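Here's the structure we're looking at; comments come further down.
Numbering (this note's numbering), first residue to last: 126 to 386.
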């Protein structure tokens with residue numbers, strides 16, 4: 126999965142880490158000119174750390190670690206942020222290659238494979254509020270950056286998808302998810318991208334709130350036989366692919382994985 130572009134971009138991020146400020150302002154974010162915002166939904170604090178409702182945090186944590194980045198408080202906004210550069214080479218897709226071949230973009234393909242295509246400036250975001258107020262973190266950022274809502278990617282738990290499956294949705298309703306309701310309220314639209322990580326429905330007789338606020342079963346997280354590691358990898362890949370190629374190509378890739386498994 127590595128590439129020259131990836132290592133170069135990650136190296137730049139790590140070099141910047143030594144100069145990391147103690148906090149950032151919205152004005153400073155404007156200077157960074159991020160093209161995308163990625164936020165994972167969850168609840169802060171150790172009480173909720175391993176719960177189903179927090180699964181949206183974990184793929185974003187993977188992206189954070191991949192770039193050697195750390196969370197930085199954002200002044201005046203209930204959020205921590207991490208500016209990173211995501212290299213296109215980290216997000217190759219068999220569908221983008223096929224489309225490139227059909228359109229005759231051979232030079233672009235060879236440049237990307239050689240790791241020479243410039244990376245994309247991305248802002249990772251972690252809300253410091255509880256799930257139900259998640260939009261308070263992203264709304265002010267999107268407004269200050271004049272960033273279209275279509276450039277906001279939200280990773281979250283999804284009851285209506287089988288456990289372990291990952292699905293991409295470019296717009297739509299909130300399906301009773303209070304974190305998404307808050308995002309819609311503060312962005313002023315439902316036109317933002319969702320990476321939906323399936324946790325399945327609770328067993329009969331178990332209230333939804335109890336189900337989402339309890340930890341996963343050991344068989345879910347087992348490194349050998351569980352589904353967790355694969356789902357988190359797919360969700361992080363979904364975010365990478367959306368940034369590199371857009372939601373349509375990302376959806377075609379992610380939704381057709383594991384069909385024969």
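Virtual Cβ for every residue (Gly too), placed ideally from N, Cα, C. No experiment lies behind these values; they were computed from the predicted model shown.
- In the DSSP assignment, residue 348 falls outside any alpha helix (DSSP H) and carries neither an H nor an E.
- Non-local beta-carbon contacts of residue 184 in its own chain, meaning distances under 7 Å to residues more than five positions away in sequence, involve 165, 280, 357, 360, 361, 364 in chain order.
- In the DSSP assignment, residue 357 falls outside any beta strand (DSSP E) and lies within the alpha helix (DSSP H) extending over 353-370.
- Between residue 344 and residue 350 a beta carbon distance of about 7 Å is seen, short of the 8 Å cut, so the two are scored as contacting.
- CA-to-CA, the gap between residue 191 and residue 163 works out to about 14 Å.
- Taking C-beta atoms as the reference points, residue 211 and residue 250 fail to come closer than 8 Å.
- Straight-line measurement puts the Cα of residue 207 at about 6 Å from the Cα of residue 195.
- Taking C-beta atoms under 8 Å as the contact rule, residue 181 and residue 322 qualify, at a distance of about 7 Å.
- Residue 209: member of the beta strand (DSSP E) spanning 204-211, first to last residue.
- When the beta-carbon positions are compared, residue 374 and residue 293 stay at least 8 Å from each other.
- Scanning its chain for C-beta atoms nearer than 7 Å, with the 5 sequence neighbours on each side dropped, one finds around residue 282 the residues 177, 178, 180, 181, 322, 324, 337, in chain order.
- Per DSSP, the continuous alpha helix (DSSP H) segment holding residue 183 begins and ends at 182-191.
- In the structure shown, the three-state DSSP call for residue 332 is coil.
- DSSP, reduced to helix, strand and coil, places residue 312 within a helical segment of the structure shown.
- Here residue 340 is not near residue 167, since their CB atoms are 8 Å or more apart.
- Distances from the alpha-carbon of residue 317 to those of 173, 302, 277 put 277 closest.
- By the neighbour-count criterion, in which 16 or more other beta carbons inside 10 Å mark a residue as buried, residue 333 falls on the exposed side.
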